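Written below as structure tokens is the structure these notes are about.
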Amino acid sequence: MRKFRFPDIDITGMWVVAVGAWFHIVARLVRKQPVMAIQLAELIAVVMVIVGGYKILNKWLADIERKERQHDENGDA
């Protein structure tokens with residue numbers, strides 16, 4: 502059993518970390534390589550949308566599953 506465990510990052514925490522990293526990296530790239538700064542911004546945006554959408558879909562599916570189980574337990578037709 503592991504002694505330490507990394508906490509799960511919620512969607513808000515992920516956004517804060519990604520935006521902070523983006524500002525930190527892009528601040529140096531904008532003057533030297535503006536095209537690379539734009540590509541980095543697009544890459545980070547795509548990753549955030551994919552991961553965020555995945556977490557939202559998982560939450561919705563868990564809610565649907567929970568409601569179906571409650572419906573089955575109550576014996577509603």
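Start counting at 1 in the sequence shown, then tack on 501, and there's your number in the working numbering. Ideal Cβ positions, reconstructed from N, Cα and C, are used throughout, including at glycine. Given the structure is predicted, the values throughout are model-derived calculations rather than measurements.
Report the rounded CA-to-CA distance for residue i versus residue j, giving the unit in angstroms.
i      : j      : result
Asp509 : Lys556 : 11 angstroms
Val517 : Asp511 : 10 angstroms
Ala563 : Gly514 : 21 angstroms
Lys560 : Val547 : 20 angstroms
Glu574 : Ala528 : 56 angstroms
Lys533 : Ile565 : 49 angstroms
Arg567 : Gly576 : 14 angstroms
Trp506 : Leu558 : First, the amino acid is wrong: residue 506 is Arg here, not Trp. Each residue's alpha carbon lies about 25 angstroms from the other.
Can you give me the Cβ contacts of residue i inside the same chain, cut-off strictly under 6 angstroms, excluding the 5 residues immediately before and after it?
i      : result
Ala549 : The displayed chain sequence assigns Met, not Ala, to residue 549. Result list for Met549: Ala519, in chain order.
Quick one: what's got a C-beta closer than 8 angstroms to residue i's C-beta in the same chain, skipping five residues either side?
i      : result
Gly553 : Ile512, Met515 and Trp516
Leu530 : Met537, Ala538 and Leu541
If you drop the 5 nearest sequence neighbours on each side, which residues of the same chain put their C-beta closer than 7 angstroms to that of residue i?
i      : result
Ile551 : none
Does the stretch 512-523 touch the stretch 541-554, meaning 3 or more C-beta pairs lie closer than 8 angstroms?
-> yes
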